[in-house]
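When we follow UniProt numbering, the leftmost residue of the sequence shown carries the number 1, and every step to the right adds one.
The beta carbon of each residue, even a glycine, is placed where N, CA and C say it ideally should be.
What follows is one structure encoded as structure tokens, with my remarks underneath.
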Amino acid sequence: MNLYTPGDGLFETHVTWKDIEKDMQRELHTSAFFGPKRTAKNIADGIGSVSRIVLIDPDWQNADKQLPAKFIVKILTQLLMARLIAEAGAGSDFDSIFEELQRTLHNGEVTVYNHLISYGHKDFPIPKIYFMKKFSESNSVKGYIIMEYLDLKTMKIYNSVTVNSVKEVLAAIAIMEAMSLKFTPEEKKELTRSFEQFHKVLFKEDLLVNAMRTLRTFGDDKLCEKVEKMEEILSDITDPVKFDQLPEILGMQRVLCHGNLSSANMLWKQNGSKLTLAAMIDFQAAHMGSPATDIATMLIFCLSGKERQKHWEELLEHFHVQLKREIGDMNMPFNLEQLKEAYRQYFPFAATSYLPFIAPVVEAMSRDSNEQQKKEHLGVLLEKTERLLDDTIHYYEHYKRKAMMPRITVVISDHY
């Protein structure tokens, strides 16, 4: 059995109703059992590519205490990614390589949740965890996390949030980084290679070529010239080993990074037009690295291109103040100028990790019968993408002229 062939469990995974029932009975110290009206709904369609996010209504029977009426089971599977890879024409060895990577990243996520719970901070937004099961030599196909259900809003890549909402995410990142400064050397060692492993597989050449092909026709060929330039520089801006060295190159202390802080991994509570960050989820790519990793990725996904270009510097300054507040009497792991420089140097890499998300979203929108809504969403996505390509090329050429990318250590002032 493996993760890229269908199983007989929930939504073709290998995790069964019985597995979940036994886990919840044990963790909740109850003899109650799931009833005949139990339901399971996959709520991750169009959001994630490596997990089934299953909403469980257990229909508890003989409840002997207050039990959660609903909860979430996040199940690792390769079925979705296998389909995407097949469509992209990736090599036949990808399944087995990515399967082992997924096991490693899932186990790393469990480790991170354990650390975050152990070093608990009342204001850090994560869901309540009921149970987590790692992969092991004796368990090769059942990796999952059972957590509380939060009825919240997930943003798509064609959505944008306000600068004030982004500041809430920055506050959460500051808490996470401050907590990680207390990690023991052994705890840090568990999170040293996730960045390189995650991106080496996802930045396979054929996947990037497929993404560029989609961009060529996006927006009535408006992006063609920019895409041609991107194709010329891809090999220089997609080497995870080089970009993972930024903390040492810039003299920064490594901190805990979420590693994949995209729209799908932030949950929001909506009150009228106001969005409040309620939870950060999916820590599979978490690692000890550069703070620019999360900040650049999050700004790309969350803000319009115009707002990102206008506010990125003030947002980094705001974040640095937040981090100082969280750290208290401890030494700061980096100064403000190092943070800004790390952001500029990391930006092209973060931008490239955004681009493969565009094709499946555009395809899904093509099936939308609401023409006005489709036009609005495509317009937002085109604006984000065009400015993203402009900035990626700008930063690349700026540092390339210095013949030091990504090795430059002086702080450059520009108008972006």
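His14 carries a coil assignment under DSSP once its states are collapsed to helix, strand and coil. The DSSP assignment places complete alpha helix (DSSP H) segments of no fewer than 4 residues inside the segment 327-374 at 336-354 and 358-366, in order along the chain. Under the three-state reduction of DSSP, Asp391 is assigned to helix. A Cβ-Cβ contact shorter than 8 Å links Phe218 with Thr385. Gln253 sits in coil when the DSSP states are folded into three classes, being neither helix nor strand. Pairing Lys74 with Ser51 gives a Cβ-Cβ distance under 8 Å. In the pairwise beta carbon analysis, the segment 366-375 is classified as not touching the segment 148-158: fewer than three pairs are separated by under 8 Å. Three or more beta-carbon pairs separated by less than 8 Å are not found between the segment 153-170 and the segment 128-135, which leaves the two stretches without contact.
Boundaries of the alpha helix (DSSP H) around Val241: Pro240 to Asp244. In this structure, Ile358 keeps its C-beta atom at 8 Å or more from the C-beta atom of Lys229.
Beta bridge pairing from DSSP links His287 with Cys257.
About 6 Å separates the beta carbons of Gln345 and Leu246, which is inside the 8 Å limit, making them a contact pair.
Judged by DSSP secondary structure, Lys133 falls within the beta strand (DSSP E) whose first and last residues are Ile129 to Lys133. Relative to Asp239, the option among Phe347, His320 and Glu337 whose CA is nearest is Phe347. Tyr149 carries a coil assignment under DSSP once its states are collapsed to helix, strand and coil. Burial is judged here by how many other beta carbons sit within 10 angstroms of a residue's own beta carbon; Ala364 has fewer than 16 and is exposed.
The beta carbons of Leu299 and Ser165 sit no closer together than 8 Å. Straight through space, the alpha carbons of Trp17 and Asn42 are spaced by roughly 14 Å. Relative to Pro125, the option among Ala279, Ser353 and Glu187 whose CA is nearest is Ala279. Below 8 Å, too few C-beta pairs join the segment 374-389 and the segment 182-194 to call them touching: fewer than three.
For Tyr158, the closest C-alpha among the options Tyr399, Tyr395, Lys374 and Arg401 is that of Lys374.
Counting only residues of its own chain and dropping the five nearest sequence neighbours on each side, Ala351 has a CB closer than 6 Å to the CB of Leu388 and Thr392. With a contact defined as Cβ atoms closer than 8 Å, Asn62 and Ala32 qualify at about 5 Å. Contact annotation: Lys156 and Ser263 have beta-carbon atoms nearer than 8 Å. For Asp244 against Gly289, the beta-carbon gap comes to about 6 Å, under 8 Å, which counts as contact.
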